[in-house]
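Residues in the sequence shown are numbered from 712 upward in steps of one, following the working numbering. Note that CB positions come from ideal geometry on N, CA and C, so glycine has one too.
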Amino acid sequence: MASNHTWKFFRAGGFDQVKLESGTDLMNLDQLDQKLWVALACPTTGLEFDEKTLALIDTDKDGRIRAPELIAAVKWAGTCLKNPHDLLKGSPELPLSAISEATAEGKQLLASAQQILANLGKRDATVITLEDTADTAKIFAQTQFNGDGIIPVESGRDDATRALINDIILCLGPEKDRSGKPGINQAKVDLFFAEAQAYSDWWKQSETDSTILPLKDVTAAAASTFTAVKTKVDDYFTRCRLAAFDPRAINALNREEKEYLVFSGKDLTLRSAEIAGFPLAQVAPDKPLPLTEGLNPGWADAVAKFSAAVVQPVLGAKPSLSESDWQAICARFAPFEQWIAAKAGALVEKLGLARIREILAGKGKETLTGLIAEDKALEPQANAIEAVDRLIRYHRDLFKLLNNFVSFRDFFRRKEKAIFQSGTLYLDQRSCDLCIGVADPAKHAIMASLAGTYLAYCDCYRKGTGEKTQMVAAFTNGDSDNLMVGRNGLFYDRKGRDWDATITKIVDNPISIRQAFWAPYKKAARMIQEQIAKRAASADDAATTRLALAAAKVEQAALTAQAPAAAAQPKKVDPGLVAALGVGAAGLGGMIGGMVTGFLNLKGLMPLGVLAIILIISGPSMLLAWLKLRKRNLGPILDANGWAVNAKAKINVPFGASLTRVATLPPGASRDMADPFAEKKRPWKLYTFLIVLLLLGLGWAFGKFDRFLPDSMSSTKVFGKNTAASQSAPEPNK
712 MASNHTWKFF RAGGFDQVKL ESGTDLMNLD QLDQKLWVAL ACPTTGLEFD
762 EKTLALIDTD KDGRIRAPEL IAAVKWAGTC LKNPHDLLKG SPELPLSAIS
812 EATAEGKQLL ASAQQILANL GKRDATVITL EDTADTAKIF AQTQFNGDGI
862 IPVESGRDDA TRALINDIIL CLGPEKDRSG KPGINQAKVD LFFAEAQAYS
912 DWWKQSETDS TILPLKDVTA AAASTFTAVK TKVDDYFTRC RLAAFDPRAI
962 NALNREEKEY LVFSGKDLTL RSAEIAGFPL AQVAPDKPLP LTEGLNPGWA
1012 DAVAKFSAAV VQPVLGAKPS LSESDWQAIC ARFAPFEQWI AAKAGALVEK
1062 LGLARIREIL AGKGKETLTG LIAEDKALEP QANAIEAVDR LIRYHRDLFK
1112 LLNNFVSFRD FFRRKEKAIF QSGTLYLDQR SCDLCIGVAD PAKHAIMASL
1162 AGTYLAYCDC YRKGTGEKTQ MVAAFTNGDS DNLMVGRNGL FYDRKGRDWD
1212 ATITKIVDNP ISIRQAFWAP YKKAARMIQE QIAKRAASAD DAATTRLALA
1262 AAKVEQAALT AQAPAAAAQP KKVDPGLVAA LGVGAAGLGG MIGGMVTGFL
1312 NLKGLMPLGV LAIILIISGP SMLLAWLKLR KRNLGPILDA NGWAVNAKAK
1362 INVPFGASLT RVATLPPGAS RDMADPFAEK KRPWKLYTFL IVLLLLGLGW
1412 AFGKFDRFLP DSMSSTKVFG KNTAASQSAP EPNK
């Protein structure tokens, strides 16, 4: 998109970032090519930023803020102010004089702000703050209506209306009014009266159809006892029919004797499931159901209640019940069962039929609908109050968000932390400022590992409150020698609260050139230490084995009382071994002499030789680290947290050093170098001098320095034919 606005940029992190220095810059943000934005999206949670402000900007409520939503927020706030430049102040106080009256919305915002202050007893105030708009309950505490379409009990103008509101809340639950009080809305009113009418109509069916309540007011109780035994009685008469069909089935239908053995050894009660599972009575062809004697003990009480509540009122007193009697009872209760299955208005049933019909007979619905309409009439004013809160938040927060979204000014300027920095980790004599909260370290590390940065994931705890959180810290200075899973540190969040931090996962990458320089030497030292440890362990094992064998031999000799063996004859030195050792020594001496000779041949270039040796050893490691450090990038770390970073935000060596600070003594501090517990110093200078002297002596003995020395001092003059150089020189061909 072509832009008529002239932009200014600054360079940080290896790329150009826009400067936002005026209200004009903000109002033309939609003309800035989004390819030049540092980020195109960010999450609304997990940031060190007011989440309510982020939620207001997130108009589609998907949990992410995108560039178009941020542009829309800036445009709206800019047009509601007389001067959009006020947004750059980031002030939590919004002067009433700053609100523009050039538009109808601006006039409404100003009127609403003045009304809020008046409701709070601040009629003469010239500024409005979030504290004034945050407590809507206090704003609307003195008003019956507040434009949200919800009326609390207090909104009723008489006792009957207030009682009706309470009944609706009792049946359907409350809606929360802006004042914080429980109330009802139009949807609840409509549902309540629909349920009440349905319940009344349902009861009316029983009043016009006598078959529905065959036992009048006790029908429901009788039906309950009928239902309790219905399945079991049906089972009994079905078994009797099967017995009439085939007498051979009688024993099986009555259960066999062996089935009693399963539970006969247990302590039984009449409620035992095993007993209840048997037939209601002994089965026989066309046998009536006994109501008093010969019943399954587990069902005796239920059948007795059934007989008293159902059989006697319907059929009169009977000692038994035939299948035809049973069918007659079922037919009598069938209309009631159908009526119960079709019950309507269950939500209001708890009020009782009398109260429900009393409500339906009055004008309660019309009264409540009128009150709700009266409340809704104030909706524009109430919504404007919310808009005032929104404008105050944008006035305070928008510019900060822009400098952590359109550009990363706050992050690269290092004067204050960026909104994605959650605090500072102190560990291993370092403080790490690039700490970012994470919800799932394992998932985060998959993407974040592409950043080329040394990352330490930590679990953080506050034992006093039981709070837990997780974060990742980037180590961008120092070395990794003492960083490992399980190490503990201290994490300070942005509120200054301290947390115990424990490393749980590490993504290993180079930290610094200094670490790379010493890495080969440290690796060689570790290899030597490991080899020495292995050799020492092997020697210790061999010595232990020899001692054990010697002890066994002594014990065996003592047991057999053998005479001591003759003294072992000393072994003669193998001439071949001596020759081999001589050749080896000559070869080693020649190699060392050659190195010394080559070094001496450098003469004035000896310092360059030392530098070359250092570069040969440390150069490859340093070069590899330098290449990786050049690729360190903040983007993947943030992308793994839901951002859409649009630029390669580099973390180079100087900037990394500012993000992770290594411990140094404060300026002017003094230091006492006397350590009473220091290890005793070894005479390394003497050792070094003797080694150098030995190397020079070997070189002279092998004639490596003869061409640099006078004839009188050459090895052949001093040692003659006995010199090592003469013995190792090949004989001339004869």
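### Query
From I1239 to S1249, what does the alpha carbon distance come to, in whole angstroms?
15 angstroms
### Query
Relative to the C-alpha of E906, which residue among S811, I1070, L1000 and I839 is closest?
Distances from the alpha-carbon of E906 to those of S811, I1070, L1000 and I839 put I1070 closest.
### Query
Looking at the structure shown, is I862 part of a helix, part of a strand, or coil, going by DSSP?
strand
### Query
When you compare only the Cα positions, how much space is there between G1134 and K1126?
14 angstroms
### Task
State the Cα-Cα distance for the pair D771 and L1113, rounded to the nearest angstrom.
Annotation: D771 to L1113 spans about 19 angstroms, alpha carbon to alpha carbon.
### Message
In whole angstroms, give me the CA-to-CA distance for Y1475 and V929.
### Response
Only positions 712 to 1445 of the chain appear in this structure, which leaves residue 1475 out of reach.
#### Entry: Bounding residues of the alpha helix (DSSP H) (the contiguous stretch that carries Q1038)
E1034 to A1052
### Message
Helix, strand or coil, according to DSSP, for F720 in the structure here?
### Response
strand
### Task
State the beta-bridge partners of N1344 as determined by DSSP.
K1361
### Query
Starting from I1103 and walking both ways along the alpha helix (DSSP H), at which residues does that stretch end?
Per DSSP, the unbroken alpha helix (DSSP H) holding I1103 starts and ends at E1090 to L1113.
### Query
The beta strand (DSSP E) with L1201 in it runs from where to where?
N1199 to D1204
### Query
Can you give the Cα-Cα distance for T919 and W1037, rounded to whole angstroms?
26 angstroms
### Task
Would you decide whether F956 is buried or exposed? Buried here means 16 or more other CB atoms lie within 10 Å of its CB.
exposed
### Query
Grouping DSSP H, G and I as helix and E and B as strand, with all else coil, what is D1285?
Low confidence applies to D1285: its pLDDT is 49, below 50, so where it sits in the model is not reliable, and the reading given next is rough at best. Note: D1285 maps to coil in three-state DSSP.
### Task
Tell me whether M738 sits in a helix, a strand or coil according to DSSP, three-state version.
helix
#### Entry: Reference K818; option with closest CA among V1099, R889, A939 and R873
Nearest Cα to K818 within the set V1099, R889, A939 and R873: V1099.
### Task
Just mark H1155 as buried or exposed, buried being the case when its beta carbon has 16 or more other beta carbons within 10 Å.
buried
### Query
According to the neighbour-count rule (16 or more other Cβ atoms, all chains shown, within 10 Å of its Cβ), is A1159 buried or exposed?
buried
### Closest by C-alpha distance to A1028, when choosing among P1001, W1050, L1006 and A1053
P1001
### Query
Residues in its own chain within less than 8 angstroms of P958 by CB, not counting five upstream and five downstream?
P996
### Task
Out of L781, R1257, G789 and E842, point me to the one whose CA is closest to P803's CA.
E842
### Cβ neighbours of L1006 in the same chain (closer than 7 angstroms, five flanking residues each side left out)
L991, A992 and V1014
#### Entry: Closest by C-alpha distance to E985, when choosing among W1010, E1004 and I961
W1010
#### Entry: Contact set for R1208: own chain, Cβ-Cβ below 8 angstroms, skip 5 residues either direction
R1173
### Task
Measure the beta-carbon distance from G734 to N794 and round it to whole angstroms, keeping in mind my assumption that it falls under 8 angstroms.
6 angstroms
### Message
Using C-beta distances below 7 angstroms, list every residue in its chain close to K1342, excluding the 5 sequence neighbours before and after it, in chain order.
### Response
G1163
### Message
Measuring CB atoms only, is the stretch 1352-1370 touching the stretch 754-765, in the sense that at least three cross pairs come out at less than 8 angstroms?
### Response
yes
### Message
Quick check: what's the CA-CA separation for V1284 versus A1412?
### Response
Summary for V1284: the model assigns pLDDT 47, below 50, so the residue's position carries little reliability; its value from the coordinates is reported in the next sentence. The alpha-carbon atoms of V1284 and A1412 are separated by roughly 26 angstroms.
### C-alpha distance - G1197 paired with P1231, whole-angstrom precision
26 angstroms
### Message
So, at 8 angstroms on beta carbons, what are the nonlocal neighbours of A1153 in its own chain, with the 5 sequence-adjacent residues on each side left out?
### Response
K1216
### Query
From this set, L1058, K763 and A813, which residue's C-alpha is nearest Y910's C-alpha?
L1058
### Query
Quick one: any contact between the stretch 1372-1388 and the stretch 764-779, if contact means 3 or more CB pairs under 8 angstroms?
The way I'd put it, the stretch 1372-1388 doesn't touch the stretch 764-779; fewer than three beta-carbon pairs between them come closer than 8 angstroms.
### Task
Taking the CB atoms as reference points, tell me whether T872 and L1079 lie closer together than 9 angstroms.
yes
### Between the CA atoms of W718 and D835 - distance to the nearest angstrom
41 angstroms
#### Entry: Inter-residue Cα distance where the pair is F1222 and V1117
A small fix is needed here, since residue 1222 is Ile in this sequence, not Phe. The alpha-carbon atoms of I1222 and V1117 are separated by roughly 29 angstroms.
### Query
Is the distance from the Cβ of I782 to the Cβ of L751 below 9 angstroms?
no
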